[in-house]
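Chemist:
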Amino acid sequence: MPKARRANGALRPDSGGPALQVRAAHTADLEAIATLHSRARAAYHRGRAPGVPFDLPAEHTRCQAVWARALEREDTLCAVRHGTVLGAASYGRPAGPGAPEAVTLHQLQVDPDHWRTGVGRALHTACLHAWRTAGFSRAALDVVWHNRRARAFYTGHGWRPDPRHRPAPDATHLTLTLSLAVTPLGGDRDAAADRACGPRRSGRDRAPE
Numbered sequence: 000m001p002k003a004r005r006a007n008g009a010l011r012p013d014s015g016g017p018a019l020q021v022r023a024a025h026t027a028d029l030e031a032i033a034t035l036h037s038r039a040r041a042a043y044h045r046g047r048a049p050g051v052p053f054d055l056p057a058e059h060t061r062c063q064a065v066w067a068r069a070l071e072r073e074d075t076l077c078a079v080r081h082g083t084v085l086g087a088a089s090y091g092r093p094a095g096p097g098a099p100e101a102v103t104l105h106q107l108q109v110d111p112d113h114w115r116t117g118v119g120r121a122l123h124t125a126c127l128h129a130w131r132t133a134g135f136s137r138a139a140l141d142v143v144w145h146n147r148r149a150r151a152f153y154t155g156h157g158w159r160p161d162p163r164h165r166p167a168p169d170a171t172h173l174t175l176t177l178s179l180a181v182t183p184l185g186g187d188r189d190a191a192a193d194r195a196c197g198p199r200r201s202g203r204d205r206a207p208e
């Protein structure tokens with residue numbers, strides 16, 4: 000029986016158990032991914048400004064367009080439990096000769112009903128495995144400056160502000176970077192879980208957990 004986690008005073012099932020699968024996303028997953036992304040954005044914005052109207056239908060249409068492009072042009076993963084898509088991630092690989100040895104995480108989204116249940120961690124671990132297998136030495140992402148939950152998630156997984164991209168005083172996003180080197184003594188908290196993931200194929204407002 001899966002363990003339970005306590006989040007915001009309520010127990011939630013641990014979705015990081017065997018029933019959670021991270022796999023390549025397909026066109027058939029587009030509607031489910033757009034729905035969870037728009038729900039996640041709505042939860043974030045309502046948390047910051049409860050009295051401000053949020054146009055969920057318009058946001059859903061925008062998210063559909065974002066993920067349609069990702070499915071066509073980028074490596075995209077989704078986390079599935081019992082046939083339901085709970086989260087998704089997309090990343091872009093550098094192209095062309097002389098391209099930098101860095102990969103860019105464009106999206107990592109989790110349905111708000113499954114925040115803090117291990118879904119974001121599972122997606123992150125699968126991304127790490129794919130990036131290291133492909134030979135990347137570094138990863139980068141942009142996170143919304145005021146999204147403290149997302150920033151805490153990434154900080155807890157080793158991401159740090161990129162000193163080469165210092166934010167301007169009026170910046171809305173913060174650029175983070177992550178070294179993909181695996182330390183020999185297990186200093187990388189995701190390395191062990193990373194090795195347990197099989198090979199997988201695979202916006203700026205990501206907010207995982």
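Numbering that gives the first Met the number 0 puts the sequence shown at residues 0 to 208. Glycine residues also receive a C-beta, built at the ideal position from the N, C-alpha and C atoms.
Looking at the structure shown, is ARG137 part of a helix, part of a strand, or coil, going by DSSP?
Modeler: strand
Chemist: Assign GLY75 to buried or exposed, taking buried as 16 or more other Cβ atoms, counted over all protein chains shown, within 10 Å of its Cβ.
Modeler: Residue identity check: residue 75 is Thr in the sequence provided, not Gly. Result: buried.
Chemist: So does the region 83-95 actually touch the region 29-37, counting three or more Cβ pairs closer than 8 angstroms?
Modeler: yes
Chemist: Can you have a look at GLN20 and say buried or exposed, based on whether 16 or more other CB atoms are within 10 angstroms of its CB?
Modeler: exposed
Chemist: Please name the residue, chosen from HIS172, GLY91, ARG147, ASP110, that lies closest to GLU30 on a Cα-to-Cα basis.
Modeler: Of the candidates HIS172, GLY91, ARG147, ASP110, ASP110 places its Cα closest to the Cα of GLU30.
Chemist: How would you label ASP112, buried or exposed, when you count the other beta carbons within 10 angstroms and need 16 or more for buried?
Modeler: exposed
Chemist: Apart from the five residues on each side of it in sequence, which residues of its chain come closer than 6 angstroms, Cβ to Cβ, to VAL118?
Modeler: SER14, ALA78, LEU85, GLY86, VAL109, listed in sequence order.
Chemist: What's the gap between the Cα of LEU177 and the Cα of ARG137?
Modeler: 6 angstroms
Chemist: In this structure, how does DSSP classify ASP112 when only helix, strand and coil are distinguished?
Modeler: helix
Chemist: In this structure, does DSSP put ASP74 in helix, strand or coil?
Modeler: Collapsing the DSSP output to three states places ASP74 in a strand.
Chemist: Taking the alpha-carbon positions, what's the THR60 to ALA39 distance?
Modeler: Rounded to the nearest angstrom, the two C-alpha atoms are 14 angstroms apart.
Chemist: Do ARG115 and VAL102 have their beta-carbon atoms positioned less than 9 angstroms apart in this structure?
Modeler: Against a cut-off of 9 angstroms, the Cβ pair of ARG115 and VAL102 comes out as no contact.
Chemist: Assuming GLY119 is part of the alpha helix (DSSP H), what are its boundary residues?
Modeler: 118-132
Chemist: Relative to the C-alpha of HIS145, which residue among HIS128, THR154, ALA125, HIS172 is closest?
Modeler: Shortest Cα-Cα distance from HIS145 to any of HIS128, THR154, ALA125, HIS172 involves HIS172.
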